[in-house]
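Under our numbering, the first residue of the sequence shown carries the number 115, and numbering increases by one thereafter. Note that the Cβ used here is the ideal one computed from N, Cα and C, for glycine as well. One structure is given below, encoded as C-alpha cells.
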Amino acid sequence: DLAGHRTRCPRCKANMKRADYASLIALFYWVHRTRFSAETICAFTGAATDPGYIAAYPPGVRENGGQYTHAAAWSVIAFALLGQGAQAAALFGILNPITRTRTAEEVQRYKVEPYAVAADVYSVEPDAGRGGWTWYTGSAGWMYRAAMEWMLGFRVQCRSLTLTPCIPEWWTGFRIVFRYGSAGYEIVVENPEHISHGVGVVELDGKPLLGGVIPLRNEGGEHQVRVVLGSGGKQKPVLTPLQVLSPVGR
Numbered sequence: 115d116l117a118g119h120r121t122r123c124p125r126c127k128a129n130m131k132r133a134d135y136a137s138l139i140a141l142f143y144w145v146h147r148t149r150f151s152a153e154t155i156c157a158f159t160g161a162a163t164d165p166g167y168i169a170a171y172p173p174g175v176r177e178n179g180g181q182y183t184h185a186a187a188w189s190v191i192a193f194a195l196l197g198q199g200a201q202a203a204a205l206f207g208i209l210n211p212i213t214r215t216r217t218a219e220e221v222q223r224y225k226v227e228p229y230a231v232a233a234d235v236y237s238v239e240p241d242a243g244r245g246g247w248t249w250y251t252g253s254a255g256w257m258y259r260a261a262m263e264w265m266l267g268f269r270v271q272c273r274s275l276t277l278t279p280c281i282p283e284w285w286t287g288f289r290i291v292f293r294y295g296s297a298g299y300e301i302v303v304e305n306p307e308h309i310s311h312g313v314g315v316v317e318l319d320g321k322p323l324l325g326g327v328i329p330l331r332n333e334g335g336e337h338q339v340r341v342v343l344g345s346g347g348k349q350k351p352v353l354t355p356l357q358v359l360s361p362v363g364r
C-alpha cells in the first residue's frame, strides 16, 4: 500500500520526534529494574470491551504490558532514521540481553540466556525483569538489522555496498571485516568531527568514490574501504518505507 506508506510514514516520524525520549528510555529500563504491579502498567485486566487475543496474556507478559522486543527494535531503527544516533544506541544497549546479566542478581532475575534475544521481558511481579521466549528469530533478526543496517549503516544490495552510519557523537569510529564470496573488505569508519551522521568521504583502495556506493566483486583479493563522517556530507541514514521493509540483498 504505497499510498498508505506515503501518508503514514511522515506522521510516524513526526510522532517519534515529539516522543518524550527520556520516558521511552525509562520504560525499557524499568521493565528490567523495577518491580511493577498490574495496576502500574498499561495492561488489559478484565476490560469491559474485549481487546482480542492480547488480553489472553497475563498482565505484564508480551504485548499485554511487557517489553515486546520485536516492536522495541523498531524504536531503535526509528531514532536512527531520524538521525538521533545517541538515542538509538542507548535503546539498543538496554535491549541487548548481555546487559541484563552482568551480576548474579541480574542473572537470577532474567533467567534466560544472555546470548539470545528474548522476544519479551515481563514487567509484573513475581516475574518482573524475567526474559520470555528466546531463540526467537523475529526479535533477533530485527535487533541484528537495527544494529548493522541502521546504526552502523551497513547495507548490501545486489552487488554494491553503502555505508551511512548513525552513531553516538562520542564514537570515534568503528571497523567491519566483511567477506563477499572470495573477496575480503576491511572497512574503517572514522568520526573526526564527533557527529552522528552524514558521510563526507568514501574511499575504496585509496581512491575516492563519487556517490559513496562501493562496488562488490567476487574476484578474490583484499580491499580497504575508508569512510569519514563529516558535516559537509550529504548522505543521511534516511530510507524510503520500501527500503526499510526490503530484505538485504545477497
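Bridge-paired residues (DSSP) for residue i
{"i": "Pro322", "result": "Glu317"}
{"i": "Leu277", "result": "Phe268"}
{"i": "Ile309", "result": "DSSP, once it has assigned bridges, lists no residue as partnering Ile309."}
{"i": "Glu263", "result": "Its beta-bridge partners do not exist; DSSP assigns none."}
{"i": "Leu330", "result": "Looking at the DSSP assignment, Leu330 forms no beta bridge with any residue, so it has no partner."}
{"i": "Tyr299", "result": "Phe292, His337"}
Selected residue, minimal CA-CA separation from residue i, among the options
{"i": "Ile301", "options": "Gln271, Val291, Ile309, Val190", "result": "Val291"}
{"i": "Pro211", "options": "Leu195, Gly267, Val315, Asp234", "result": "Asp234"}
{"i": "Val303", "options": "Ser296, Gly295, Val313", "result": "Val313"}
{"i": "Gly197", "options": "Gly335, Arg259, Asp319, Glu283", "result": "Glu283"}
{"i": "Ala186", "options": "Gly207, Ala242, Val339, Leu275", "result": "Gly207"}
{"i": "Trp256", "options": "Tyr224, Trp188, Ala242", "result": "Trp188"}
{"i": "Asp241", "options": "Arg223, Thr251, Ala200", "result": "Arg223"}
{"i": "Leu323", "options": "Trp285, Ser274, Gly334", "result": "Ser274"}
{"i": "Gly334", "options": "Tyr299, Ala169, Thr286", "result": "Tyr299"}
Same chain, Cβ closer than 8 Å to residue i, neighbours up to 5 away in sequence not counted
{"i": "Asn332", "result": "Tyr294, Gly295, Ser296, Ala297"}
{"i": "Glu307", "result": "Leu343, Gly344, Ser345"}
{"i": "Ser151", "result": "Confidence is the limiting factor: at Ser151 the pLDDT is only 47, short of 50, which leaves the residue's position unreliable and the question unanswerable from this model."}
{"i": "Tyr229", "result": "Pro211, Ile212"}
Supposed contact pair residue j and residue i - C-beta distance, whole angstroms, cut 8 Å
{"i": "His311", "j": "Cys272", "result": "That pair is no contact at about 24 Å."}
{"i": "Gly180", "j": "Tyr236", "result": "5 Å"}
{"i": "Ala344", "j": "Val315", "result": "The residue asked about is misnamed: residue 344 is Gly in this sequence, not Ala. Gly344 to Val315, Cβ: 7 Å. Contact."}
{"i": "Trp264", "j": "Leu330", "result": "At roughly 20 Å, the Cβ-Cβ gap does not stay under 8 Å, so Trp264 and Leu330 are not in contact."}
{"i": "Val190", "j": "Ala260", "result": "4 Å"}
{"i": "Leu209", "j": "Phe193", "result": "Between Phe193 and Leu209 the Cβ distance is about 12 Å, and since that is not below 8 Å, they are no contact."}
6 Å CB neighbourhood of residue i in its chain, flanking five on each side removed
{"i": "Val342", "result": "Glu304, Gly314, Val315"}
{"i": "Leu266", "result": "Pro279"}
{"i": "Arg269", "result": "Glu263, Thr276"}
{"i": "Tyr171", "result": "Asn178"}
Residues of its chain near residue i, where Cβ-Cβ distance is below 7 Å and the 5 sequence neighbours each way are ignored
{"i": "Arg176", "result": "Tyr182, Asp234, Gly246"}
{"i": "Val226", "result": "Ala232, Gly245, Thr248"}
In chain order, each alpha helix (DSSP H) run of at least 4 residues that lies wholly inside the stretch 167–240: Listed in chain order, they are 183–195, 199–209, 218–224.
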